[in-house]
Every structure is written in C-alpha cells, then in structure tokens.
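Trainee: From first to last, the protein sequence lines stand for chains C and B.
The opening position of the first sequence corresponds to residue 1 in my numbering, with each subsequent residue numbered one higher.
The opening position of the second sequence corresponds to residue 1001 in my numbering, with each subsequent residue numbered one higher.
Backbone N, C-alpha and C define an ideal beta-carbon position, used for all residues, glycine too.
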Amino acid sequence: MAVKTEEFYVDKPVEDLYISDITKQVEQLVDNSHISNGIVTVFIGCSTASISTMKHEPRSIKEMHATLEMLAPSGVEYAHHTSTGDLNGIGNDNNGKSHIRSAILGPSITVPLKDGKLTLDKDQDIVVLDFDIIKRKRKITVQIMGE
Amino acid sequence: MNIKTIEMEFKKDKEGLGLIDITRPVEHSVIESEIQNGLVTVQSADPNVCITTMEFEPGTIKDLRAALDRLETPEAKVKGNGKEEKQDARPVLVGPSITIPFKDNRLVVGKWQEIVLMDFDGVQNRKRVVVQVVGE
C-alpha cells in the first residue's frame, strides 16, 4: 500500500462566501499518484472554510448562500467578535458566522478511488466553501491511500 | 500498512457548553502509533456527540452552540431518562466523525484548528471516542 500526501493552493478572490470547484486539481493529483484503488481524503487546515461535494453551478451556489445565511446569518453580532480568544493576527475578527459554518460543515471529505477514478457522480463536484470575510489563499491537502 | 485503533473516554463537560478540545489525545495517538504517513479517523461512539474541527476559543464555542441550539426542536429538549438517549438531530448535522491526514507523523491541521467533541446533553457521563490511525 502507498500513501501520497500532496497540497495545492486555491485563491479566494472576494470578501465574502466563495465556493471553488477543485475536482480537476484533485483528479490531477490522483492521476500523478499512480494509485488506482483506495481512498482519497481532501482536507483544509483552517477554521473558516470547509470541503464538501455539490453541483458547482449558479443555482446550487445561490441555494447554498441562502441556506448558510439561515444557519449563521450575516450582520449579526457574534461572541467571537469581542472575544479575547481570537488571536489569529490577521487583524480581522468579525467573522463569527464563518467559524460556525465551518464547524458544522467540517474540514474534510473522503472519496473512494476505484480503477483510477473517483467514485463521484457527474453532478458531484469537490468544492472548497470559503466562509471568511476577507480575500485569502488557502492550502488544500490531498492524501491518496491505496495500491 | 498498519492500523492502530485506540478507544478513549472523556468526562462529560457539565459546567460548560459541552465542547471538549481533544486535539492533544488525538495527536498523541498518532505519535504513539509510530505510523509516519496516513490518515486518522476520530469517531464518536455516542449518539448525542459529534466531532468537528474549529478554533477553540470561548466566543466561537458560544456562537456555534447558539447556532445549533436555534435548530433544537421541542422533542430534542426532552432529556434522556437514563436508559434511553433523547432524540436530537443536531449531532447528525455535524456528523459523527472526521478524518485528518498526517505526514511525517504530524497532523496537517491549521494553527487555529482544534479537534473538538460536541455533546448535546446525552445521558452518558463518559463520552466514548474511537481514534483509528491508518498508514505506513
């Protein structure tokens, strides 16, 4: 069995919720790994973004925006905004909603790999949901385990 | 390939909001396993407990708990009777497990990202968590 752990970066070019389709990048790393059967884990090492799968097209994205607003609305005072615990040094702590959304959706997914292909439906894209309220660059870890 | 499965127990957080930072014990499991590269799965073995990652600071703890408590139904407010667990959909939303890759025996978690157990007032006083380290 082999384990390959790779990483790449994704830009978040806007100051609010941004959903990027990273399916191609993940598939490329899987191809390069020469592992055909196993599991692929996609992980983001932060507390204001999540990894999931969804259809990456305008209507689903709009729906996601609306649902996340219900879960943790914008324009609300969160305890995180005044908490002394936030020492992230980015100079921005008005992202209480981003932390809630990220904790609920989770930092990673695992997808089985069969005969060199991820077992995803054609309408299922791997996405980074970036909930932060500033522009940033995010590191994504992809681990391919198998044979 | 090596697989190590470790069972842990955490004492119910009676005073606080039910969130417990379990990053150190999980990291310790990876170090003890001596497996260099692989994947760690952290799973709750309690129906009213979920596992996630977050910045574990008092403000965020309060905010997350409040957001999930807004989704609590009247049925979920009924406490378990000591024999039966109560019915609560909140832990299902967050989910029972997470998986985190590690490289050179170190978890790839971010600086502001802790592994957290979140208890929705289950009846058990001890929260059972299973940590499985897989790799080579």
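Starting from D21/C, follow the beta strand (DSSP E) in both directions and report where the run begins and ends.
Mentor: Translated into positions along the first sequence, residue 21/C becomes position 21. First-last of the beta strand (DSSP E) with D21/C: Y18 to D21.
Trainee: For M145/C, return the contacting residues in chain B, with the cut-off set at a CB-CB distance below 8 Å.
Mentor: For the purposes of this step, residue 145/C is taken as the residue at position 145 of the first sequence. Going along chain B in sequence order, the residues near M145/C (Cβ under 8 Å) are G1038, L1039, V1134 and G1135.
Trainee: Could you check whether the Cβ of Y18/C sits closer than 8 Å to any Cβ belonging to chain B?
Mentor: What you label residue 18/C is simply residue 18 of the first sequence in a count that begins at 1. Output row for Y18/C: interface = no.
Trainee: Please go through the same chain and pick out, in chain order, the residues whose beta-carbon is closer than 6 Å to the beta-carbon of Q143/C, but skip the five residues on each side of it.
Mentor: Stepping through the first sequence from its first residue, residue 143/C is reached at position 143. If we look at Q143/C and ignore the five residues flanking it on each side, its Cβ neighbours are T5 and T41.
Trainee: Going by the beta-carbon positions, is the gap between T1052/B and V1094/B smaller than 8 Å?
Mentor: For the purposes of this step, residue 1052/B is taken as residue 52 along the second sequence, with counting starting at 1. For the purposes of this step, residue 1094/B is taken as residue 94 along the second sequence, with counting starting at 1. Taking 8 Å as the Cβ cut-off, T1052/B and V1094/B qualify as a contacting pair.
Trainee: Using 8 Å as the threshold, is the segment 58–78 of chain C in touch with the segment 1017–1030 of chain B, meaning 3 or more CB pairs across them?
Mentor: At 8 Å Cβ cutoff, the stretches do not touch.
Trainee: Going by DSSP, name the residue or residues bridged to M1118/B.
Mentor: For the purposes of this step, residue 1118/B is taken as residue 118 along the second sequence, with counting starting at 1. Bridge partners of M1118/B: L1019/B and C1050/B.
Trainee: Assuming I1129/B and I1035/B make a contact with CB atoms under 8 Å, what is their CB distance in whole Å?
Mentor: On the second sequence, position 129 is the one that residue 1129/B refers to. On the second sequence, position 35 is the one that residue 1035/B refers to. Before going on, a small fix: residue 1129/B reads as Val here, not Ile. That belief does not hold up - the Cβ atoms of V1129/B and I1035/B are roughly 19 Å apart, past 8 Å.
Trainee: Of the residues that make up the segment 44–78 of chain C, which ones have a beta carbon closer than 7 Å to any beta carbon in chain B?
Mentor: Those would be G45, C46, S47, L71, A72 and Y78, in chain order.
Trainee: Cα-Cα, which of D125/C, G106/C and S98/C is closest to T1059/B?
Mentor: The residue given as residue 1059/B occupies position 59 in the second sequence. Checking the displayed sequence, the identity of residue 1059/B turns out to be Gly instead of Thr. It is S98/C.
Trainee: Quick one, which residues of the segment 1038–1069 of chain B are near chain C if we go by CB-CB under 7 Å, in chain order?
Mentor: Within the segment 1038–1069 of chain B, the qualifying residues are G1038, L1039, T1052, T1053, M1054, E1055, E1057, P1058, G1059, T1060, K1062, D1063, L1064 and A1067.
Trainee: Using the beta-carbon of each residue, which ones in chain C are nearer than 7 Å to T1099/B?
Mentor: For this step, residue 1099/B is matched to residue 99 along the second sequence. Under the 7 Å cutoff, chain C gives T41, S108 and T110.
Trainee: Would you mind telling me which residues of chain D sit closer than 7 Å to K1103/B, beta carbon to beta carbon, in chain order?
Mentor: Structure shown: chain D not included; protein chains present are C and B.
Trainee: How many angstroms separate the CA atom of H56/C from the CA atom of Q124/C?
Mentor: Indexing the first sequence from 1 puts residue 56/C at position 56. Indexing the first sequence from 1 puts residue 124/C at position 124. Looking at the two C-alpha atoms, the distance is approximately 8 Å.
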